[in-house]
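Going by UniProt numbering, the sequence shown opens with residue 1, and the numbers climb by one from there. All C-beta atoms in this analysis are idealised placements derived from N, C-alpha and C, irrespective of residue type, glycine included. Please read these numbers as outputs of a predicted model, since none were measured by experiment.
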Amino acid sequence: MLIVNFVDMKEQCIRCISSLSKDLMVTGAMDSVARFWLRDSNSAVNSYFTMESATIYDHEHWVTASVALENGGFATGSMDKNIRLFDVQGQRVGLMKGHEGGVISLAVSMDKKLLFSGSWDGTARVWSLETQQCLHVLPGHENGVCVLGLPDGSLVTGSTGQQVGNSVADFKLRFWAKDTFTLFKTLMDHKGPIRQLALVPDSGFVSCSNDGSIKHRTLDGVVVASMEHPLNAEGKPGFVLGVCVLSNGLVVSASEDCTARVWSADGALVQTIEHPGGLWCVSPLPNGDFATGCDDKIVRVFTHDPAHVDPDAVASFQAAVEEARIAKTRGPSGVEIESLPNYDQRASVTGTSDSQIQMFRRGTKAWACQWSGPSRTWIDIGEVTGTGNGGVVDGEAYDMVIPVEIELPGGLKKLEIGYNQGQNPFTVAQEFIDKHVLDQSYLREIADYITQRAGEYRPPVLENNDSVNSVSSGNGSHEPTVAASRYKYFPVSGYNTFETTKISKLMSTLRQFNDKMKDTQDTDALTDSQLIALDHIVFTVQDTAFYHSSTFAPPEIAALRSALDKWPAKLAFPMLDLLRIVVVHPQGPIALGDAGLGTLVTKVLSLGLQEGPKDGDDAVPVATRMLSLRVLANMFLHDAAREAVLKHKTEVLSKLPSFLAFHHKLVALSLSTVLLNFARAQVATPGVLSPDDQVVVISVVADLLNGPYTVQELGDDTMLRSLIAIGTLALHGDSKAKEVAGIHIAIFTASKATQRYNNALLSSNKFLVKELTDELTAWSLAQYFGNSDEDVFLDDWSALLQCRLRRLLPVDEVSAKSLKHSHTGDDTSRLRRQTSSRPLVHDLDEDEDDDEHEGLPSVSVL
1 MLIVNFVDMK EQCIRCISSL SKDLMVTGAM DSVARFWLRD SNSAVNSYFT MESATIYDHE
61 HWVTASVALE NGGFATGSMD KNIRLFDVQG QRVGLMKGHE GGVISLAVSM DKKLLFSGSW
121 DGTARVWSLE TQQCLHVLPG HENGVCVLGL PDGSLVTGST GQQVGNSVAD FKLRFWAKDT
181 FTLFKTLMDH KGPIRQLALV PDSGFVSCSN DGSIKHRTLD GVVVASMEHP LNAEGKPGFV
241 LGVCVLSNGL VVSASEDCTA RVWSADGALV QTIEHPGGLW CVSPLPNGDF ATGCDDKIVR
301 VFTHDPAHVD PDAVASFQAA VEEARIAKTR GPSGVEIESL PNYDQRASVT GTSDSQIQMF
361 RRGTKAWACQ WSGPSRTWID IGEVTGTGNG GVVDGEAYDM VIPVEIELPG GLKKLEIGYN
421 QGQNPFTVAQ EFIDKHVLDQ SYLREIADYI TQRAGEYRPP VLENNDSVNS VSSGNGSHEP
481 TVAASRYKYF PVSGYNTFET TKISKLMSTL RQFNDKMKDT QDTDALTDSQ LIALDHIVFT
541 VQDTAFYHSS TFAPPEIAAL RSALDKWPAK LAFPMLDLLR IVVVHPQGPI ALGDAGLGTL
601 VTKVLSLGLQ EGPKDGDDAV PVATRMLSLR VLANMFLHDA AREAVLKHKT EVLSKLPSFL
661 AFHHKLVALS LSTVLLNFAR AQVATPGVLS PDDQVVVISV VADLLNGPYT VQELGDDTML
721 RSLIAIGTLA LHGDSKAKEV AGIHIAIFTA SKATQRYNNA LLSSNKFLVK ELTDELTAWS
781 LAQYFGNSDE DVFLDDWSAL LQCRLRRLLP VDEVSAKSLK HSHTGDDTSR LRRQTSSRPL
841 VHDLDEDEDD DEHEGLPSVS VL
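Right under this line is the structure:
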């Protein structure tokens, strides 16, 4: 097969292609648009051009299925759950409603009178094309359904399987009798979701699957030949997402492994056609050619007739394939990928500017996302298959990655500098010094080295050789240097969220609870349609690549709120877990509505603090306590939800201390995250918290750090977030908050001095905790002694505690002043003697057990 021509969609990935006649085809794409493509009859080759007058914008979501109709028109299926009928001019002549999930497959009966549809709602439907009415609903499928009408009038359907434990299973072919459409046969011979079915004239049909296989079957389903795509580097098959049969009997498969493969009917591989990206679909054309829909947004037509070939299209295609192949060999190294921030925690990373590109670690791959300033969320771009001659440093791609070795007291330390062409090397060098807390004397040497490696840099004129206060370019303009920050960790911007979850376990638990309620005739149990609505929510939140364009339908949100409002606290945690994911979706807060968000805050708090026995069937599980806090934490991410929390801040802050009573590590982590997000809100919008609000935040954090929890029970993450919360308000809070922060910093740092505390810290984060505590101490000393170097005088945590307490206690002012200006070793000893007789910090018990998992139900909520 040789390429004839290609048509560039320019918008989104192509999901379906149908040939309407020898000169006309229609495509559907992820931009919710269907387009006509007309063959150019005046061209020597079979080139196609788009008919702009027949571009169809009628759909409300992706166009995921299409099929030609007898009258020259066609039908489309969309993720908006509807089927639309169009005439040959592209005018809509029918709208079929009934599916409760996206429509992903369409087929026509042999007599052209019936339309078959398959949907993510787990059903197939049979429609009359004459009356446009649904004649039969065929339920019981495992999630997504593909359909095919057989020559004898019967119907065969395939399913994508269902979650069973930690895996997906039950990928079934079902056969439905003609006219009655009753089930009469079921087959289970695929090992992955069944994606498409296609008729083989005078023989049978083929089925393709995520298991990498295409099976040629007789009309009763018996496999006569099996075709297998090869395994990838990870030992897994590429998903085969589309299959078609050409007029000459050849079978063509389309796979996410970036290939279309041509097979003989007996299963022999005839040809492999590599593409620049993964393939979503393939469709036969009347003249024996076929068209592929690729991830790179291009439809390509392939032919067996050399006379139809477009040389320019062939050259362009080969160049695109070669470029993609080379790019894959230049992908980020495993070490670089391992250093990237976790994709599942990307919401906690705030972009620095609109359209910023950031890479994240998604499994074993580097994944690129683009920051959307208006929605304040990361939009998926796709896998990073290459970074040119550059590389990755701390998750960001650079034109050059420059290795450097810095000589330190402990020996040589190897580091990397990320540099983009056109940047000022002195600015980059200063940022590098600040980041790694290096001696300022390295500045010129590092900048000169960057200049040497970059090759295109014109040295700036410095004010002097010892420092960089300003940098002047050749045109006389001034660029400020990056000043070294006194505090590395404070203040902070952005918000921490909890986004990772195992949706399948969540939904399994939810269904178990709902079944129990049905068994007891509980009227608050969800109906089947409500459960399907929640399935749609799951589908939307899982498809992160389209967070910027997907949304939630009112019935979906209504089903979620119904359970939240009616289900008891002991059963509510799966709903809270689902809500937790919904509120981080850009459209989640919008779908919930301003009024709904306000009542949601109150309801979530109510569920989390519901009284009840600690044991027994009526006990409120720790998961409910924890997830109510995590919903609140996630609500800080987007403006509308954050405003709802802040509007109810008095209620929220008054109830947060009550969560301290639920002595559990995960509750502590969740509570510290909510408190940290309140602190960050004060940084983002100064004054959003009143002085009293700030004191409450600091006090609850302090109660968490200095309360009954052992160091092991708190865990590193809880301590880190708590310390950052205090430090953030210490820098950006009201004077009253600063004073309270100082006292609690002193108490915590005094406890840190004990050997038992240091031994209890986990080794992985011990030094990070130390750095955070040291910064808090430096701030506290600067508040008391001023911004001089006098903080080196007080090297004892107990002395610091005494100094902070003396500021609040009614001590003699002259004595305090004399303390401030007496910097001798004797003064230090005196302070130590004064504090040693009155211990001010509770003793840490390093022998207590860490009950992290105690009382947590068997559903993933982390």
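query: Residue of D202, V582 and P555 minimising C-alpha distance to L219; result: D202
query: Beta-carbon separation (whole angstroms), L197 vs F205, contact threshold 8 angstroms; result: 6 angstroms
query: Proximity winner among L729, E322, A569 and G101, relative to G122 (alpha-carbon distances); result: G101
query: C-alpha distance - G140 paired with D535, whole-angstrom precision; result: 15 angstroms
query: Residue from E338, I417, A177 and A447 whose Cα sits closest to the Cα of K435; result: I417
query: The region 348-363 contacting the region 309-327, beta-carbon criterion three pairs below 8 angstroms; result: no
query: Proximity winner among N232, K518 and K191, relative to K215 (alpha-carbon distances); result: K191
query: Beta-carbon gap between V667 and F659 smaller than 8 angstroms; result: yes
query: Those residues which DSSP pairs with D380 across a bridge; result: C369
query: C-beta contact flag for I104 and G158 at 8 angstroms; result: no
query: Unbroken beta strand (DSSP E) run spanning S213, endpoints; result: S213 to T218
query: When V631, T710, K738 and Y709 are compared against A679, the one with the closest alpha-carbon; result: K738
query: Assumed close pair S66, V33 - CB separation to whole angstroms, cut-off 8 angstroms; result: About 12 angstroms separates the two Cβ atoms, so there is no contact after all.
query: Nearest candidate by alpha-carbon position, reference L576, set T540, A633 and L714; result: A633
query: Length of the line joining the Cα atoms of I14 and I537; result: 23 angstroms
query: Any 3 or more C-beta pairs closer than 8 angstroms across the region 77-97 and the region 54-61; result: yes
query: Bounding residues of the alpha helix (DSSP H) (the contiguous stretch that carries P555); result: P554 to K566
query: Inter-residue Cα distance where the pair is N464 and S690; result: Here the model assigns N464 a pLDDT of 28, short of 50, so the residue's position is not dependable, and the following value carries that caveat. Each residue's alpha carbon lies about 46 angstroms from the other.
query: Under 8 angstroms between C-beta atoms of L571 and L560; result: no
query: CA-to-CA distance, R361 to S339, given in whole angstroms; result: 8 angstroms
query: Identified DSSP bridge partners for G242; result: A254
query: Per DSSP, the bridge partner or partners of E274; result: T259
query: Three-pair Cβ contact test at 8 angstroms for the region 614-627 versus the region 639-656; result: no
query: Per-residue burial, T377 [other beta carbons within 10 Å of its own, 16 or more giving buried]; result: buried
query: CA nearest to the CA of G267, picked from S255, Q133, E274 and L250; result: L250
query: A260 and T303 closer than 8 angstroms at C-beta; result: no
query: Cβ of G373 within 8 angstroms of any chain B Cβ; result: Checking the listed chains, one finds no chain B in this structure; it contains a single protein chain.
query: Length of the line joining the Cα atoms of D310 and L269; result: 25 angstroms
query: Beta-carbon proximity check, F116 vs G149, cutoff 8 angstroms; result: yes
query: Within the region 655-738, ranges of the alpha helix (DSSP H) (whole runs, at least 4 residues); result: 665-684, 691-706 and 711-732
query: Own chain partners of K178 with C-beta closer than 7 angstroms, once the 5 adjacent residues on each side are dropped; result: D152, G153 and S154
query: Proximal residues to A525 (C-beta, below 6 angstroms), its chain only, five neighbours per side dropped; result: N514, M517 and K518
query: Rounded straight-line distance, which links the Cα of L24 to that of A644; result: 52 angstroms
query: First through last residue of the alpha helix (DSSP H) which encompasses G588; result: G588 to L592
query: Distance, L729 Cα to T828 Cα; result: Residue confidence is low: T828 scores 28 on pLDDT, short of 50, so the model does not pin down where it sits. No coordinate-derived value is stated.
query: Nonlocal neighbours in the same chain, by C-beta distance under 7 angstroms from I503, ignoring five residues either side; result: V538 and Q542
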